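Worksheet: the structure to be examined is printed underneath.
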Amino acid sequence: MADTYSQKQPSEGRNYFLIFWSGALATIGGQLINPNLVLPFLYLALGAPTFFAGMLLPFVTGSRLIAEIFVSPFINRATRAKLAVYAPNLLTAAVLAAVALFSTKLPGLMIVLLFLTTAVVLGLCQGITSLGTSQIYGISVPAEKRNRMVFAQATISGVLAIIVVLVTRDLLAGDQPMQRHIVVLWCGVIAMFAAGVAFAGVQLLEEEQANRIEPAKKPKPLAELATGFKTGMAYQWYRKFLTARLIFVSVELAMPFYTIHAATLHMGTKHSLSYFVIGASLGMVIGSILWGWLSNRISVKPVMWLGCMIAAVSAAMALGFNFLGYAQNVWAYALVIMLLSLGGNGVIYGRYLYLIQMSAEQERPYLVALGDVSAGLVGMVFAAILGAVAHLHDPITPIFALVVLNLIAMFYAFRLPPVKG
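Counted from 1, the sequence shown has number 137 at position 137 by my numbering; the numbering is strictly sequential.
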């Protein structure tokens, strides 16, 4: 087998630079177009029905899962993997630019359809991009540099997202709530476009791809789920993990309901969305450092239950601030969002690592598929119920439910079997 690294290591020089900064820009863009926070906030700023604000994130995660299942067999050549990274980033930028340009001119029903369609497109693009990125990182970045690259991208992009929001917050203004916050979306559009253009310049060798990546087999989603159920139910640890995974939905999909509450208080507050994005980005930066250190030095289990506990604390703070009147302070609510971002980051990071460490390599894809699909279905129901409660009753009521559910999630995470080894 030819040693492609002896010709020129793709991880060095121009390719490494483009791969690194394309990933960092995409992560910045992801923060600035966040379906947890930014899209629901802008959607509510247009005066659209509250119920669908909580459904945007489940639409993103559901369509992402569909993309990962059905597109994976086609990402088996370097040129296709490269296309799967930069084309979705450019498409994401184009779709969100259309939202920024035209959403203020649409009637209520069309706003709902536009944002739900945008959520589906975002999920599909994220799923395809994740497949392409996994392939490219596998063939172009040496194993010893991958974790360091991903960690550096997360930290740098979080810091840069904060800087971008602070620098650009006064660039646009208007009489309508949407126009006061649209600068955040435009910054996300520019970041996603730049990420796509940067990755389009990456040069890959088809020979290298053929040598290092096995062609993907055509997936059979129902067969994978059936195999995952049969395999997973045979293990006591996985049965407990799956229960915890489903309850973790209350942490992973909680942000839109904080956004609904925050929007009722701060939709007209100048720069409020910018400050909330700063809080979420700061939580991501702290999490990328804290959870990485904790999982390496102690265990991955504390990452999960501490993440749930921090999410519960953020919900309790939101309730306390609301009743004491402090929620009217935009920085106080930004602190709540920062804590939720930190806790949610820990739960996602922790349950991902826990499953990797507990499962055998040949069984892992089926166990992941079962967990993702089960959590996706539960997430849709969860979002629909809490969204209806927020719409029909009061935006603060779902947060009462989140305190309880987050504490139950912490309890289940704490009682999971210890990690192997």
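Built from N, CA and C at the ideal position, the CB exists for glycine as well. Just so we're clear, the structure is a prediction, and the values are computed from it rather than from any experiment.
One question on the structure: do Leu332 and Val403 come within less than 8 Å of each other, judged by their Cβ atoms? Per the sequence presented here, residue 332 reads as Ala, with Leu not at that position. No, the Cβ-Cβ distance between Ala332 and Val403 is not below 8 Å.
Could you give the distance in angstroms between the alpha-carbon of Gly387 and the alpha-carbon of Ser272? 22 Å
The alpha helix (DSSP H) spanning Ile247 covers which residue range? Gln236 to Ile247
Am I right that Val95 and Val121 are in contact with their C-beta atoms under 8 Å? What's the rounded C-beta distance? 5 Å
Between the region 150-157 and the region 250-267, do at least 3 Cβ pairs fall closer than 8 Å? no
Gly350 beta carbon less than 8 Å from that of Met304: yes
If you check the beta carbons only, do Ser288 and Gly188 fall under 8 Å apart? no
The region 267-286 / the region 26-45 touching (three or more Cβ pairs under 8 Å): yes
Selected residue, minimal CA-CA separation from Gly62, among Gln126, Ser359, Tyr326 and Lys82: Gln126
Does DSSP classify Leu122 as helix, strand or coil? helix
Within 10 angstroms of its Cβ, does Gly47 collect 16 or more other Cβ (buried), or is it exposed? exposed
Answer with buried or exposed for Thr117, where buried requires no fewer than 16 other C-beta atoms within 10 angstroms of its C-beta. exposed
Do Ala280 and Asn34 have their C-beta atoms closer together than 8 Å? yes
Neighbourhood of Ala198 by C-beta, 6 Å cutoff - its chain only, sequence neighbours within 5 removed: Leu18, Trp21 and Ser22
Lys301 - containing alpha helix (DSSP H), residue span: Lys301 to Leu324
Tell me where the alpha helix (DSSP H) around Ile356 begins and ends. Val330 to Met358
From Ala360 to Leu160, what distance separates their C-alpha atoms? 38 Å
Do three or more CB pairs link the region 236-243 to the region 411-421 at distances below 8 Å? yes
Taking all protein chains shown into account, decide if Val71 is buried (16 or more other Cβ within 10 angstroms of its Cβ) or exposed. buried
Cutoff 6 Å; reference Leu65; Cβ partners in own chain excluding five residues on either side: Asp372 and Gly376
Less than 6 Å between C-beta atoms, sequence neighbours within five positions excluded: which residues of the same chain meet that for Val165? Ser274, Val277 and Ile278
Below 8 Å CB to CB, which residues in the same chain sit around Val378 once its five sequence neighbours on both sides are set aside? Leu246 and Val249
According to DSSP, is Pro418 part of a helix, a strand, or is it coil? coil
Could you give the distance in angstroms between the alpha-carbon of Gly29 and the alpha-carbon of Gly196? 11 Å
Unbroken alpha helix (DSSP H) run spanning Gly387, endpoints: Arg364 to Leu392
Assuming Glu68 is part of the alpha helix (DSSP H), what are its boundary residues? Leu56 to Val71
To the nearest angstrom, report how far apart Gln31 and Ala226 are at their CA atoms. 35 Å
Looking at the secondary structure, which residues open and close the alpha helix (DSSP H) in which Val445 lies? No answer is possible for residue 445: it lies beyond the span of the chain, which begins at 1 and ends at 421.
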